[in-house]
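A.B. asks: Residue numbers (full-length UniProt numbering): 1 to 85. Please see the structure below; I have some questions.
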Amino acid sequence: MAQRTRAAMMEETRAKLIAAGHRAFAAKGYVAASMDELTAEAGLTRGALYHNFGDKRGLLAAVVDRIDSAMAARAREAGQRAGGG
1 MAQRTRAAMM
11 EETRAKLIAA
21 GHRAFAAKGY
31 VAASMDELTA
41 EAGLTRGALY
51 HNFGDKRGLL
61 AAVVDRIDSA
71 MAARAREAGQ
81 RAGGG
């Protein structure tokens, strides 16, 4: 079995935290979303959140960036299907 690289493990950690943050912010809102709950849901520690994003605001920025990137990709695909791209 191939060993995962450190970079791949770090990206997986970030992805888990972003996904958990997205769910928590969508369900409860930014203020009510608990860092302890979302890190527990991701199976990670608060230390992992702080290391990757600095704080809850940094995680929110990463969630918004991920949503924005997904929306831009969908818009490009729709434009290509419609013959505009």
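Cβ coordinates follow ideal geometry from the N, Cα and C atoms, glycine included.
Apart from the five residues on each side of it in sequence, which residues of its chain come closer than 8 Å, Cβ to Cβ, to residue 43?
C.D. replies: Excluding positions up to five away in sequence, the list reads 16.
A.B. asks: Given this structure, state the Cα-to-Cα distance separating residue 10 from residue 52, to the nearest angstrom.
C.D. replies: Residue 10 and residue 52: Cα-Cα distance of roughly 9 Å.
A.B. asks: Could you spell out where the alpha helix (DSSP H) holding residue 38 opens and where it closes?
C.D. replies: Here the alpha helix (DSSP H) through residue 38 covers 35-42.
A.B. asks: Buried or exposed: residue 18, going by 16 or more other Cβ atoms within 10 Å of its Cβ?
C.D. replies: Label assigned to residue 18: buried.
A.B. asks: Quick one: does residue 61 have its CB under 7 Å from some CB of chain B?
C.D. replies: No chain B appears in the structure shown, which is made up of a single protein chain.
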